[in-house]
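Visitor: Attaching a single structure in structure tokens format; questions to follow.
Shown next as structure tokens:
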């Protein structure tokens, strides 16, 4: 449970079966707006808040992982080297090669960085007492989506040999009759250059946001229903209810870990898909 | 609510957080690009090389073993061939020795037989001579006794004996011929 979740839950703890006690208050989206410890007092800034701290933790974890797995290299791999190679080969053989083939290997640093970074930011939602996925703040996935957006446009321009050629190939579907182009071209522009980066960022953001809200709800409900002082019968019932909610919290936490991995995978897969499409002639 | 900022749009993009995120990503990307990926790919390539090298070495060893085997096989065949040749030679020599020994034995036997024949002939001649002398003496003696007179000279004596012997021989030959018939 995050500190905010705890605060929230503490207010309504033990509310069940307490005559005149507080009603259940489900966690609101406010948990995704931690108050900053230092504010810059500038428009469109969040200040130095929990997200920034967790971002630093995630970055440090990824750096540590990279150092730990790539530090010793031998032909017969040790444990740490094996984990590093497993990760590298997973990104290469499950993401890069299926999307781009062997010529995608030069984008491996980008893809591996994206995968590790997004996964680490997602996993911040599972760190005890701090838990809040960094990607549940759209600012972070938006930055990464922007990097991928710029990358695939630059790759496309280089691969197609010119700005005009690339954009023509990207927005004018080949083989379409001329009279349908006035409709098709705007659709292609919107879908390829506006909706694509937006959905790329929002997909991981929304999943992490919803998943965290779900976990917070289970945690808050478990705390709210925990009221052993409500008499022998109601006390037992409340403890059972509370236990069920906490069990669901644990199960969904495990489930959430799978989703965190999957979203990092999907984010990287889409990045590889976009770059691969830009590389191919239309 | 405690500790919560005023509620905002959940789809907000904060510039400072965006920039921090990009800096963090740049750090990670630098580490991956300069440190992790080159090391990992280098090691993967080295491993592939060493595995291929191992396969190559195994192939070479196999070829070498095959060559040695071929050599041994040839040597063995060679040994078999020379053994067979020796055997044949020995057989031929044996046959030659036997033939030679046979030849020698035959020659020796012939020589012995001839020697024996010669001896027999000599003995016969001698016996014949002796017999003739004795028969002559006996005949003379007998004739002297019968005729009562001694032949005067030895020439006439031997003439008489020869005649007598011729008659004897003829008679004996006739008798032999009659017996054969």
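Protein chains in written order, with this note's numbering: chain A, 6 to 287; chain B, 859 to 1039. Think of the CB as a built atom: it goes at the ideal place given N, C-alpha and C, for glycine as much as any other residue.
If distances are taken between C-alpha atoms only, which option among 58/A, 185/A, 67/A comes closest to residue 135/A?
Guide: The count along the first chain starts at 1 and reaches residue 135/A at position 130. With distances taken between Cα atoms, residue 135/A lies closest to 58/A.
Visitor: Which value, in whole angstroms, describes the spacing of the CA atoms of residue 991/B and residue 1025/B?
Guide: On the second chain, residue 991/B is found 133 positions in, with the first residue counted as 1. On the second chain, residue 1025/B is found 167 positions in, with the first residue counted as 1. For residue 991/B and residue 1025/B, the distance between alpha carbons rounds to 16 Å.
Visitor: Residues in the region 872 to 898 of chain B with C-beta within 7 Å of chain A's C-beta atoms, listed in sequence order?
Guide: Against chain A - using a Cβ distance shorter than 7 Å - the residues of the region 872 to 898 of chain B are 872, 873, 874, 875, 876, 878, 879, 880, 882, 883, 885, 886, 887, 889, 890, 891, 893, 894, 895, 897, 898.
Visitor: Exposed or buried, residue 92/A, counting other C-beta atoms within 10 Å across all chains shown (16 or more means buried)?
Guide: In the first chain, counting from the first residue as 1, residue 92/A sits at position 87. With 16 or more other Cβ atoms within 10 Å, it is buried.
Visitor: Any C-beta of chain B sitting closer than 8 Å to the C-beta of residue 274/A?
Guide: Reading the first chain from its first residue, position 269 is the one you call residue 274/A. So no, residue 274/A is outside the interface.
Visitor: Under 8 Å by Cβ, that's how I've got residue 247/A and residue 223/A pegged, so tell me the actual separation to the nearest angstrom.
Guide: What you label residue 247/A is simply residue 242 of the first chain in a count that begins at 1. What you label residue 223/A is simply residue 218 of the first chain in a count that begins at 1. 11 Å between Cβ atoms; not a contact.
Visitor: In the structure shown, what three-state DSSP assignment does residue 4/A receive?
Guide: The question about residue 4/A has no answer here: the residues shown for chain A are numbered 6 through 287.
Visitor: Please tell me whether residue 121/A has its Cβ less than 8 Å away from any Cβ of chain B.
Guide: Indexing the first chain from 1 puts residue 121/A at position 116. It does; some Cβ of chain B falls within 8 Å.
Visitor: Pull up the distance between the alpha-carbon of residue 268/A and that of residue 74/A, whole angstroms please.
Guide: The residue given as residue 268/A occupies position 263 in the first chain. The residue given as residue 74/A occupies position 69 in the first chain. Cα-Cα distance, rounded: 23 Å.
Visitor: Report the three-state DSSP secondary structure of residue 117/A (helix, strand or coil).
Guide: Sequence index remark: in the first chain, residue 117/A carries index 112 (1-based). Of the three classes helix, strand and coil, the one that applies to residue 117/A here is helix, per DSSP.
Visitor: Roughly how many whole angstroms lie between the Cα atoms of residue 953/B and residue 962/B?
Guide: The residue labelled residue 953/B in the question sits at position 95 within the second chain. The residue labelled residue 962/B in the question sits at position 104 within the second chain. Near 14 Å, if we compare the C-alpha coordinates of residue 962/B and residue 953/B.
Visitor: Would residue 119/A and residue 272/A qualify as a contact pair, given that the criterion is a beta-carbon distance under 8 Å?
Guide: Walking along the first chain from the start, residue 119/A turns up at place 114. Walking along the first chain from the start, residue 272/A turns up at place 267. Closer than 8 Å, so yes.
Visitor: Below 9 Å on C-beta distance, what does residue 1094/B contact in chain A?
Guide: No statement about residue 1094/B is possible, as the shown extent of chain B runs from 859 to 1039 and does not include it.
Visitor: Scan the region 56 to 82 of chain A for residues whose Cβ lies nearer than 8 Å to a Cβ of chain B and list them as they occur along the chain.
Guide: Going along the region 56 to 82 of chain A in chain order, one finds 56, 57, 60, 61, 63, 64, 67, 68, 71, 72, 74, 75, 78, 79, 80, 82 with a Cβ nearer than 8 Å to chain B.
Visitor: Quick one: using the 10 Å Cβ neighbour count with 16 as the cut-off for buried, is residue 284/A buried or exposed?
Guide: Position 279 of the first chain holds residue 284/A. Buried, since its Cβ has 16 or more Cβ neighbours within 10 Å.
Visitor: Return yes when the Cβ of residue 154/A is within less than 8 Å of the Cβ of residue 191/A, no when it is not.
Guide: For the purposes of this step, residue 191/A is identified with residue 186 of the first chain, where counting begins at 1. For the purposes of this step, residue 154/A is identified with residue 149 of the first chain, where counting begins at 1. No, they are not a contact pair.
Visitor: So for residue 883/B, helix, strand or coil by DSSP?
Guide: In the second chain, the residue the question calls residue 883/B occupies position 25. Correct three-state label for residue 883/B: helix.
Visitor: What would DSSP say about residue 231/A, mapped onto helix, strand or coil?
Guide: Along the first chain, read from residue 1 onward, the residue named residue 231/A stands at position 226. If DSSP states are grouped into helix, strand and coil, residue 231/A belongs with coil.
Visitor: Under a three-way DSSP split, which group does residue 12/A fall into?
Guide: On the first chain, residue 12/A is found 7 positions in, with the first residue counted as 1. With a pLDDT of only 45 at residue 12/A, under the threshold of 50, the placement of this residue in the model should not be trusted; the figure read from the coordinates follows. Reduced to three states, the DSSP call for residue 12/A is helix.
Visitor: With residue 100/A and residue 277/A assumed to form a contact (beta carbons below 8 Å), what rounded beta-carbon distance in angstroms separates them?
Guide: In the first chain, residue 100/A corresponds to position 95, counting from 1. In the first chain, residue 277/A corresponds to position 272, counting from 1. Yes, they are in contact, since the Cβ atoms of residue 100/A and residue 277/A sit about 5 Å apart, within 8 Å.
Visitor: Tell me the DSSP bridge mates of residue 53/A?
Guide: Translated into positions along the first chain, residue 53/A becomes position 48. According to DSSP, residue 53/A bridges with 43/A.
Visitor: With 7 Å as the C-beta to C-beta threshold (strictly closer), list the residues of the region 131 to 142 of chain A near chain B in chain order.
Guide: The region 131 to 142 of chain A vs chain B, Cβ under 7 Å: 142.
Visitor: I'd like to know if residue 915/B contacts chain A, where contact means its C-beta is closer than 8 Å to some C-beta of that chain.
Guide: Position 57 of the second chain holds residue 915/B. By this cut-off, residue 915/B is not an interface position.
Visitor: For the region 32 to 50 of chain A, which residues have a CB atom closer than 8 Å to at least one CB atom of chain B, in sequence order?
Guide: Here the close residues are 33, 34, 35, 36, 37, 38, 39, 40, 41, 45, 47, 49, 50.
Visitor: Spell out whether any CB of chain B is found under 8 Å from the CB atom of residue 147/A.
Guide: As a working mapping, residue 147/A is identified with position 142 in the first chain. For residue 147/A, the answer is yes, since a Cβ of chain B falls inside 8 Å of its Cβ.
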